[in-house]
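Working notes for the structure below.
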Amino acid sequence: MSDVIASTGWSEPNEHLLPVDLDLDPELPSSILSANQWKNIILDKRAEILDKRAQNLPSGAGVDKLFKEYADPNVVDIIDKSYLEDRCKTTKWTKIIRSIVCKHRLNTEQNRAFQTVANHVATESPDQLKMYIGGMGGTGKSQVFKALMEYFDLRNESHRFIVVAPTGSAASLLGGSTYHWMFGINDRDISKTQQAQVKSRLVGVDYCFFDEVSMLSCRDLYR
Numbered sequence: 013m014s015d016v017i018a019s020t021g022w023s024e025p026n027e028h029l030l031p032v033d034l035d036l037d038p039e040l041p042s043s044i045l046s047a048n049q050w051k052n053i054i055l056d057k058r059a060e061i062l063d064k065r066a067q068n069l070p071s072g073a074g075v076d077k078l079f080k081e082y083a084d085p086n087v088v089d090i091i092d093k094s095y096l097e098d099r100c101k102t103t104k105w106t107k108i109i110r111s112i113v114c115k116h117r118l119n120t121e122q123n124r125a126f127q128t129v130a131n132h133v134a135t136e137s138p139d140q141l142k143m144y145i146g147g148m149g150g151t152g153k154s155q156v157f158k159a160l161m162e163y164f165d166l167r168n169e170s171h172r173f174i175v176v177a178p179t180g181s182a183a184s185l186l187g188g189s190t191y192h193w194m195f196g197i198n199d200r201d202i203s204k205t206q207q208a209q210v211k212s213r214l215v216g217v218d219y220c221f222f223d224e225v226s227m228l229s230c231r232d233l234y235r
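And the structure:
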């Protein structure tokens, strides 16, 4: 085998095979910080993101929508017969949904996945949505996610949607968090303070996007 490799020239370096823009003498990073300093920077950035998300929270977030809207017995709303149907959908956001589909050039399968969630968001008092989007890498799952993020942003409801993943690397690619941190899952007993922190992070959240769900252990899924 060694003779075959040597005869083909694979063992000899060839500079013509290197990319033109390859930097063989990279510069050192401009900022050299300790592990604790980097950790504090990450914590500050995380707090900044959570504060920004909290700014979009409406008053009374976390209260059941129907209870909030119809708690006053002296208020009467005139509705049409569609509200009596099992899956009533509002037409208010139909044009927005179509424009997002065109903008992101969603194919048939991507469009089906996107509209399933988008219509669920626009539905009055919908049932719980449990949905799985599968496929090999590069099949366009992230494109559906980007379309959904834009949809929630246009509705000024980005606080209703969170992204979690099993690893920090996977979560950072989508601007999310690890599920361990978001849901307070660890091998130790969670304290009341930690429970309160988890509860505050989930205020107003209605949709959770779990990336790389195949890496989730059965134990953590149960927890």
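Heads up: the sequence shown runs through residues 13 to 235, numbered per the numbering used here. Glycine residues also receive a C-beta, built at the ideal position from the N, C-alpha and C atoms.
- Here T179 carries a coil assignment [DSSP, helix/strand/coil].
- Judged by DSSP in its simplified three-state form, Y219 adopts strand.
- Note that the segment 105-121 does not touch the segment 175-188; fewer than 3 beta-carbon pairs, one per stretch, sit closer than 8 angstroms.
- Across the set G149, S42, L55 and H116, the C-alpha of H116 shows the shortest separation from the C-alpha of L160.
- A residue is called buried when at least 16 other Cβ atoms come within 10 angstroms of its Cβ; Y144 does not meet this threshold and is exposed.
- Judged by DSSP in its simplified three-state form, T106 adopts helix.
- In the same chain as N198, and ignoring 5 residues on each side of it, the C-beta atoms closer than 8 angstroms to its own belong to H192, in chain order.
- Here the alpha carbon of S19 sits roughly 14 angstroms from the alpha carbon of P25.
- Counted as a single uninterrupted DSSP element, the alpha helix (DSSP H) harbouring A59 occupies residues A47 to Q67.
- As DSSP reads the structure, F173 sits in a beta bridge with Y219.
- Looking at the backbone, the Cα of G147 and that of E224 are separated by about 11 angstroms.
- Annotation for I112: A159, E162 and Y163 place their beta carbon closer than 7 angstroms to its own, counting only its chain and skipping 5 residues before and after.
- If you look at N123, you'll find it in the alpha helix (DSSP H) that goes T120 to V133.
- Separation of W22 and L55 (C-alpha to C-alpha, rounded to the nearest whole angstrom) is 47 angstroms.
- Residue burial is scored here from C-beta neighbours: A59 has fewer than 16 other C-beta atoms within 10 angstroms and is therefore classed as exposed.
- A Cβ-Cβ distance of about 6 angstroms is found for the pair C220 and V176, placing them in contact under the 8 angstroms criterion.
- Here the C-alpha atom of I174 lies approximately 30 angstroms from the C-alpha atom of S46.
- Close CB contacts of I17 within its chain, under the 7 angstroms cut and outside five residues either way in sequence, are with S23 (chain order).
- In the three-state reduction of the DSSP assignment, T205 falls in the helix class.
- Checking the DSSP bridge columns, you'll see T20 has no partner listed.
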